[in-house]
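S.K.: These protein sequences, in sequence, are chains A and B. Count along the first sequence from 1, then add 16; that gives the number in our numbering. Count along the second sequence from 1, then add 16; that gives the number in our numbering. One structure coming up, written as structure tokens, with questions to follow.
There are 2 protein chains.
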Amino acid sequence: MRLNAQTDFSLRILMYLAAKQGEAATIQEVTNKLGLSQAHLMRIAAKLSATGLVTAARGRSGGLKLARSADEITVEDVVKAIEPDFALVQCFNRTDGVGCTIEPACLLKGVLYSALNAFFAELRSANLAELTESNRVDLAEIFRLTDSRLESRTGPQIYQAPAQVKRS
Amino acid sequence: MRLNAQTDFSLRILMYLAAKQGEAATIQEVTNKLGLSQAHLMRIAAKLSATGLVTAARGRSGGLKLARSADEITVEDVVKAIEPDFALVQCFNRTDGVGCTIEPACLLKGVLYSALNAFFAELRSANLAELTESNRVDLAEIFRLTDSRLESRTGPQIYQAPAQVKRS
Numbered sequence: 017m018r019l020n021a022q023t024d025f026s027l028r029i030l031m032y033l034a035a036k037q038g039e040a041a042t043i044q045e046v047t048n049k050l051g052l053s054q055a056h057l058m059r060i061a062a063k064l065s066a067t068g069l070v071t072a073a074r075g076r077s078g079g080l081k082l083a084r085s086a087d088e089i090t091v092e093d094v095v096k097a098i099e100p101d102f103a104l105v106q107c108f109n110r111t112d113g114v115g116c117t118i119e120p121a122c123l124l125k126g127v128l129y130s131a132l133n134a135f136f137a138e139l140r141s142a143n144l145a146e147l148t149e150s151n152r153v154d155l156a157e158i159f160r161l162t163d164s165r166l167e168s169r170t171g172p173q174i175y176q177a178p179a180q181v182k183r184s
Numbered sequence: 017m018r019l020n021a022q023t024d025f026s027l028r029i030l031m032y033l034a035a036k037q038g039e040a041a042t043i044q045e046v047t048n049k050l051g052l053s054q055a056h057l058m059r060i061a062a063k064l065s066a067t068g069l070v071t072a073a074r075g076r077s078g079g080l081k082l083a084r085s086a087d088e089i090t091v092e093d094v095v096k097a098i099e100p101d102f103a104l105v106q107c108f109n110r111t112d113g114v115g116c117t118i119e120p121a122c123l124l125k126g127v128l129y130s131a132l133n134a135f136f137a138e139l140r141s142a143n144l145a146e147l148t149e150s151n152r153v154d155l156a157e158i159f160r161l162t163d164s165r166l167e168s169r170t171g172p173q174i175y176q177a178p179a180q181v182k183r184s
């Protein structure tokens, strides 16, 4: 049982955008920071845009941004928007037309639906802000984000500005 | 997000065996009742036997049986025994050697592990006996099981013995 790779990458991209706190990120930037291929990222960004999770603006000051505040996007929102389906067993996917002989008297379905709902409830309990806010220094360290708000909050001794920024 | 087809079919096979209450079932019988191909069923039966969920005996009086009492096998036992992995995202599967740049500071992992544990907890709450006992008449109707214990418990008016058995 796995999530689709697109869902995995979508969560990483959205966490990166959440860590930028409203600042736009270019495709090239996200590609570099997350180590994804540009073609792959373009496809996922189009999907994130189509599902209303990010906005994508063209031009020099353009780029990807979260479409809503990071505390308004839960992990459940992302997983449900990107994952193709949650057909744990064949009968969950009514459209495939293949029957299971047990189905008319099956009590297993209910157990699996309960398990799926318990899974979603946990994902609903965490939003992108929570995943990035409390952990912002560590993530900034990984992403080498420049952010004066972060420095003023945590002190520059923890936040290491990247060499390129130091030089400018 | 789906369970593997082998897990789906394993659950059906084990529910069928649970409904037989200790009586052995031949491969041919399970194939017919569940509408699975014989080759497919042979592979799954070998796996169920290897994981200690069923016993398989050769010969005329042989066949497949649950290796333990139906109330001692939970849905979680089956899913964990048959599903290849639960690597929801790449970093859950440490052996694939591909890194995620966020991993060292990732709070998402914990949320996904909690969700997976909530999923397992629901599956743990149901065993094969519960899935078949309370629903035994309906399942017997589907499977056309002959079972004197069932008739004495529920009355023969509900349980329709198959034509073939009536003739003998």
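We put the beta carbon where it would ideally sit given N, CA and C, even for glycine.
Is A/Tyr124 close to chain B? Criterion is C-beta to C-beta, closer than 9 Å.
M.R.: Counted from its first residue, the first sequence places residue 124 of chain A at position 108. Rather than Tyr, the amino acid found at residue 124 of chain A in this sequence is Leu. Output row for A/Leu124: interface = yes.
S.K.: What residue does the beta strand (DSSP E) around A/Leu82 start on, and which one ends it?
M.R.: In the first sequence, the residue the question calls residue 82 of chain A occupies position 66. It spans Gly79 to Leu82 - the beta strand (DSSP E) in which A/Leu82 sits, taken as one unbroken run.
S.K.: What are the start and end residues of each continuous alpha helix (DSSP H) run of 4 or more residues lying completely inside the region 44-107 of chain A, in chain order?
M.R.: Counting whole runs of 4 or more residues, the region 44-107 of chain A contains the alpha helix (DSSP H) stretches 54-66 and 91-98.
S.K.: In chain A, which residues lie less than 7 Å from B/Arg28 when you measure between Cβ atoms?
M.R.: For the purposes of this step, residue 28 of chain B is taken as residue 12 along the second sequence, with counting starting at 1. By Cβ distance, chain A contributes Cys116 and Ile118.
S.K.: Going along the region 49-65 of chain B in order, which residues come within less than 8 Å of chain A, judged by CB to CB distance?
M.R.: Result list: Lys49, Leu50 and Gly51.
S.K.: Compare the beta carbon distance of A/Ala89 and A/Lys63 with 9 Å and say whether it is the shorter of the two.
M.R.: Taking the first sequence and counting its residues from 1, the one referred to as residue 89 of chain A is at position 73. Taking the first sequence and counting its residues from 1, the one referred to as residue 63 of chain A is at position 47. A quick correction: the sequence has Ile, not Ala, at residue 89 of chain A. Against a cut-off of 9 Å, the Cβ pair of A/Lys63 and A/Ile89 comes out as no contact.
S.K.: Could you tell me the boundaries of the alpha helix (DSSP H) in which A/Gln37 lies?
M.R.: For the purposes of this step, residue 37 of chain A is taken as residue 21 along the first sequence, with counting starting at 1. A/Gln37 -> no alpha helix (DSSP H), and no H or E assigned at all.
S.K.: Listed from N- to C-terminal order along the chain, which residues in the region 72-91 of chain B have their beta-carbon within a distance smaller than 9 Å of any beta-carbon of chain A?
M.R.: Listed in sequence order: Val91.
S.K.: On the DSSP bridge list, what partners appear for A/Ala21?
M.R.: By 1-based counting over the first sequence, the position of residue 21 of chain A is 5. According to DSSP, which records beta bridges pairwise, A/Ala21 is partnered with nothing at all.
S.K.: Closest by CA to A/Ser65, which one among A/Ala83, A/Ala35, A/Asn20 and A/Ser141?
M.R.: Looking up residue 65 of chain A in the first sequence gives position 49. Comparing Cα-Cα distances from A/Ser65 to each of A/Ala83, A/Ala35, A/Asn20 and A/Ser141, the minimum goes to A/Ala83.
S.K.: For B/Arg18, does the count of other Cβ atoms within 10 angstroms reach 16, so buried, or fall short, so exposed?
M.R.: As a position in the second sequence, residue 18 of chain B is number 2, starting the count at 1. B/Arg18 comes out buried.
S.K.: So, using beta-carbon positions, are A/Leu139 and A/Ala34 closer together than 9 Å?
M.R.: By 1-based counting over the first sequence, the position of residue 139 of chain A is 123. By 1-based counting over the first sequence, the position of residue 34 of chain A is 18. Going by C-beta atoms, A/Leu139 is not nearer than 9 Å to A/Ala34.
S.K.: Look up A/Lys143 in the DSSP assignment and say whether it is helix, strand or coil.
M.R.: By 1-based counting over the first sequence, the position of residue 143 of chain A is 127. The amino acid occupying residue 143 of chain A in the given sequence is Asn; Lys does not appear at that position. Note: A/Asn143 maps to strand in three-state DSSP.
S.K.: Where A/Asn151 and A/Tyr129 are concerned, what is the direct C-alpha to C-alpha distance, given to the nearest angstrom?
M.R.: Walking along the first sequence from the start, residue 151 of chain A turns up at place 135. Walking along the first sequence from the start, residue 129 of chain A turns up at place 113. Going from the Cα of A/Asn151 to the Cα of A/Tyr129 covers about 33 Å.
S.K.: Within its chain, find whatever has a CB closer than 6 Å to the CB of B/Leu27; leave out the 5 residues flanking it on each side and keep chain order.
M.R.: Translated into positions along the second sequence, residue 27 of chain B becomes position 11. Around B/Leu27: Val94.
S.K.: Taking the straight line between their C-alpha atoms, what separation do you get for B/Leu144 and B/Phe25?
M.R.: Numbered from its first residue, the second sequence carries residue 144 of chain B at position 128. Numbered from its first residue, the second sequence carries residue 25 of chain B at position 9. The straight-line gap from Cα to Cα measures roughly 14 Å.
S.K.: Could you check the C-alpha separation between A/Thr47 and A/Leu57 for me, to the nearest Å?
M.R.: For the purposes of this step, residue 47 of chain A is taken as the residue at position 31 of the first sequence. For the purposes of this step, residue 57 of chain A is taken as the residue at position 41 of the first sequence. When rounded, the distance between both Cα atoms is 7 Å.
S.K.: Tell me whether the beta-carbon of B/Ile43 lies closer than 9 Å to the beta-carbon of B/Gly79.
M.R.: The residue you call residue 43 of chain B lines up with position 27 of the second sequence. The residue you call residue 79 of chain B lines up with position 63 of the second sequence. Taking 9 Å as the Cβ cut-off, B/Ile43 and B/Gly79 qualify as a contacting pair.
S.K.: Output the boundary residues of the alpha helix (DSSP H) element that contains B/Glu157.
M.R.: For the purposes of this step, residue 157 of chain B is taken as residue 141 along the second sequence, with counting starting at 1. Segment Arg152 to Phe159, the alpha helix (DSSP H) holding B/Glu157.
S.K.: Decide if A/Glu92 is buried, meaning its Cβ has at least 16 other Cβ atoms within 10 Å, or exposed.
M.R.: Taking the first sequence and counting its residues from 1, one reaches residue 92 of chain A at position 76. Answer is buried; the Cβ neighbour count reaches 16.
S.K.: For A/Ala131, write down the residues that DSSP places opposite it in a beta bridge.
M.R.: Position 115 of the first sequence, counted from the start, is the residue given in the question as residue 131 of chain A. Answer is none; A/Ala131 lacks a bridge partner.
S.K.: Using the Cβ count rule (16 or more neighbours within 10 Å means buried), how would you classify B/Ala137?
M.R.: Residue numbering aside, residue 137 of chain B sits at position 121 when the second sequence is read from its first letter. That one is exposed.
S.K.: Residues of chain B with CB closer than 7 Å to the CB of A/Asp93, please, in chain order.
M.R.: In the first sequence, counting from the first residue as 1, residue 93 of chain A sits at position 77. By Cβ distance, chain B contributes nothing, its closest Cβ being about 13 Å from A/Asp93, past 7 Å.
S.K.: With distances taken between CB atoms, is the gap from B/Gly115 to A/Gly51 smaller than 9 Å?
M.R.: By one-based count along the second sequence, residue 115 of chain B stands at place 99. By one-based count along the first sequence, residue 51 of chain A stands at place 35. In contact: B/Gly115 and A/Gly51 (Cβ atoms closer than 9 Å).
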